[in-house]
Amino acid sequence: MPSGPKGCRYTHAVRRPHAQGVVRRAVRTLRRAPGGQRLIAVADGVRLRLDPFAVFLYDEGRQLDAARQDHLATLDLELAGASVLEVGAGIGLHTPFLTGLGCEVVSTDGRPGNVRELARRNPDVRVGVLDLESAPHIDGLGHFDVVYCYGLLYHLSRPEQALRSLSEIADTILLETCVTPGDSVAVNLVAERAAVATQATGGTGCRPTRPWIMQTLQALWGNAYVSTTQPVHPWFPLDWSTLPTTVEPSRFTRAVFVGSRRPLDTPTLLTVLPDRQNHVAVT
Ligand SMILES: C[S@@+](CC[C@H](N)C(=O)[O-])C[C@H]1O[C@@H](n2cnc3c(N)ncnc32)[C@H](O)[C@@H]1O
1 MPSGPKGCRY
11 THAVRRPHAQ
21 GVVRRAVRTL
31 RRAPGGQRLI
41 AVADGVRLRL
51 DPFAVFLYDE
61 GRQLDAARQD
71 HLATLDLELA
81 GASVLEVGAG
91 IGLHTPFLTG
101 LGCEVVSTDG
111 RPGNVRELAR
121 RNPDVRVGVL
131 DLESAPHIDG
141 LGHFDVVYCY
151 GLLYHLSRPE
161 QALRSLSEIA
171 DTILLETCVT
181 PGDSVAVNLV
191 AERAAVATQA
201 TGGTGCRPTR
211 PWIMQTLQAL
221 WGNAYVSTTQ
231 PVHPWFPLDW
241 STLPTTVEPS
251 RFTRAVFVGS
261 RRPLDTPTLL
271 TVLPDRQNHV
281 AVT
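Using the numbering used here, count along the sequence shown one by one with no gaps and you end on 283.
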């Protein structure tokens, strides 16, 4: 989950939808005003000091969480009872979804502060600090059926190294990430704000293209898939043919992939990247 679309980071502070609209418009106006960006930066700093976890809890972020979990539930993957390593788990807002499936979860994040909050929210789950920038050899963790890697890959400066490490300890990866549209095979490094609890611990992230992800998963797991459908959320586009292919760190363009040691035969997954995707009706 990113730190939120511009202008929406403050809406969680007010409960009433009408007031949230007012806040959103006020912040948008302020951004355009002379000196507005500076004021917003100061407000961001204060907000982060007062509540470092607010960046996980704003309304649009929670909607993104729900959309991704609803979507994953439709993919018809055999997750019930699986051993799962959750990486980049943040404060553990996805963890109950996995434990609810009966998975045996080890939940990790690169930031000790996030992991403390993750443990507080999920007292029955094994947790640990795992920074995927500085953990090339993670085999001490044991072996897992699945690595759940949602919202993390694009916060890494060496995504291939991290995926390689994960491929050594998990048979399957469920991967959700921001991407750069286009047909090229590129990692596209970008600067991020390490001070923000949702962003790259090392201050550099990436916005890889879909072909880069498919090639890398194929090379590391042997079988690579993209979901046939997209989660129902504005950050998951349905028509890739019309999107700009420039690298744009603040534009959230997301997709869901699976890497697997064994071939998966389900209509919910494709081996070839589609130009168009659709939504599945979530009941
Ligand atoms: C956008 S949040 C994703 C949280 C949750 N998985 C989700 O999808 O909503 C990204 C998380 O990745 C963590 N992170 C950033 N860089 C990391 C790294 N090098 N290794 C492990 N975690 C990292 C951040 O601390 C943050 O909790």
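Backbone N, C-alpha and C fix where the C-beta goes; we use that ideal spot for every residue, glycine too.
*Cβ of residue 132 versus every heavy atom of ligand 1: is any distance shorter than 6 Å?*
yes
*Using the beta-carbon count (16 or more within 10 Å), is residue 168 buried or exposed?*
With fewer than 16 Cβ atoms within 10 Å of its Cβ, residue 168 is classed as exposed.
*Would you mind working out which of 173, 209 and 259 sits nearest residue 185, comparing C-alpha positions?*
209
*Under a Cβ-count criterion, where at least 16 other Cβ atoms within 10 Å of its own Cβ denotes burial, should residue 159 be classed as buried or exposed?*
buried
*Any non-hydrogen atom of ligand 1 closer than 6 Å to residue 152 Cβ*: yes
_Inter-stretch contact (C-beta, 8 Å, three-pair minimum) for the region 170-177 and the region 210-219_ = yes
_Less than 7 Å between the C-beta atoms of residue 202 and residue 190, yes or no?_
no
*Any idea what DSSP makes of residue 252, helix, strand or coil?*
coil
_Bridge partner(s) assigned by DSSP for residue 127_ = Beta-bridge pairing links residue 127 to 107.
*If you count every other CB in all the chains shown that lies within 10 Å of the CB of residue 78, and 16 or more means buried, which is it?*
An exposed status is given to residue 78, since fewer than 16 other beta-carbon atoms sit within 10 Å of its beta-carbon.
_Beta-ladder partner(s) of residue 148, from DSSP_ = 86 and 174
*Please find out if some non-hydrogen atom of ligand 1 comes closer than 6 Å to the beta-carbon of residue 54.*
no
*Cβ contact (3+ pairs, closer than 8 Å) linking the region 62-82 and the region 258-271*: yes
*So residue 115 is in the alpha helix (DSSP H); what residue range does that whole segment cover?*
112-121
*Buried or exposed for residue 22, please, with buried defined as at least 16 other CB atoms from any protein chain shown within 10 angstroms of its CB.*
exposed
_Secondary structure of residue 225, DSSP reduced to three states_ = strand
*If you run the structure through DSSP and keep just helix, strand and coil, what is residue 258?*
strand
*Identify, in the order they occur along the chain, each residue of the same chain with its Cβ nearer than 6 Å to the Cβ of residue 180, setting aside the five sequence neighbours on each side.*
These residues qualify, in order along the chain: 188, 207, 209 and 247.
*Can you find at least 3 beta carbon pairs, one from the region 238-253 and one from the region 269-280, that sit closer than 8 Å?*
yes
_For residue 150 and residue 261, the rounded distance between their alpha carbons_ = 19 Å
*Is any heavy atom of ligand 1 found at a distance shorter than 6 Å from the C-beta of residue 109?*
yes
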